[in-house]
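Peer 1: Quick one: the structure is below, questions incoming.
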Amino acid sequence: MDRERNKLRKSVRIVKHTDGEGQTPKENKDLLYCLTESRSKANPCFIKCKINGKIRGCLLDTGADVSPIYLKDVRQVDKLERYAGLVRSASGKPLRIVGRYRDCTITIRNKQIVCNPLVMENIG
Numbered sequence: 001m002d003r004e005r006n007k008l009r010k011s012v013r014i015v016k017h018t019d020g021e022g023q024t025p026k027e028n029k030d031l032l033y034c035l036t037e038s039r040s041k042a043n044p045c046f047i048k049c050k051i052n053g054k055i056r057g058c059l060l061d062t063g064a065d066v067s068p069i070y071l072k073d074v075r076q077v078d079k080l081e082r083y084a085g086l087v088r089s090a091s092g093k094p095l096r097i098v099g100r101y102r103d104c105t106i107t108i109r110n111k112q113i114v115c116n117p118l119v120m121e122n123i124g
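For the record, in the sequence shown the residue sitting at position 49 is 49 according to my numbering, with numbers rising by one throughout.
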């Protein structure tokens, strides 16, 4: 048990949220605490899921203010809604949000969830 606890402790990155000077309330509202993709099998926070039928790596981040997906995972562009908020990464860098995707189906361990995640530009 201690071995697994130490393994988890090493694999989890804690991000501290502080209110920076000069930030408007709108900027603070949609702060994204952590966004990354990892191939590490040792980290239990990363799981495989299906986003609209495509298998993807997924970070389970219960402290995040928003749920983002990449534009490449959006099947029907006509389901995109405008989104005017500003989203920042854990490092404070603004993310390029394309819109909000209505009725996205995510499957985790044979359980289907319908949600409305933010859609960001593909990286790389």
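We put the beta carbon where it would ideally sit given N, CA and C, even for glycine. In this text, all values refer to a predicted model and were calculated from it rather than measured experimentally.
How about Ile69 and Gly57: do their beta carbons lie closer than 9 Å?
Peer 2: Cβ distance not < 9 Å, so Ile69 and Gly57 don't count as in contact.
Peer 1: Just reading off the beta strand (DSSP E) that Pro94 is part of, what are its end residues?
Peer 2: Run containing Pro94: none; DSSP gives neither H nor E here.
Peer 1: Give the straight-line distance between the Cα atoms of Lys93 and Glu81, rounded to the nearest whole angstrom.
Peer 2: Approximately 23 Å, taken between the alpha carbons.
Peer 1: Can you give me the Cβ contacts of Arg75 inside the same chain, cut-off strictly under 6 Å, excluding the 5 residues immediately before and after it?
Peer 2: Excluding residues within five positions, the ones whose Cβ falls inside 6 Å are Asn52.
Peer 1: Could you give the distance in angstroms between the alpha-carbon of Lys111 and the alpha-carbon of Asp103?
Peer 2: Those two C-alpha atoms are separated by around 15 Å.
Peer 1: Determine the closest residue to Gly85 out of Ile55, Gly99, Val77 and Lys50, with distance taken between C-alpha atoms.
Peer 2: If we check each option's Cα against that of Gly85, Gly99 comes out closest.
Peer 1: Could you give the distance in angstroms between the alpha-carbon of Tyr83 and the alpha-carbon of Thr107?
Peer 2: Taking the straight line from one Cα to the other gives about 24 Å.
Peer 1: Measuring straight from C-alpha to C-alpha, what distance separates Val77 and Gly63?
Peer 2: Taking the straight line joining both Cα atoms gives about 28 Å.
Peer 1: Compute the Euclidean distance between the alpha carbons of Val66 and Leu118, then round it to the nearest angstrom.
Peer 2: Distance between the alpha carbons of Val66 and Leu118: 7 Å.
Peer 1: What would DSSP say about Leu118, mapped onto helix, strand or coil?
Peer 2: Strand.
Peer 1: Could you name the residues that DSSP lists as bridge partners for Gly132?
Peer 2: Since the first residue shown for the chain is 1 and the last is 124, residue 132 is missing from the structure and cannot be characterised.
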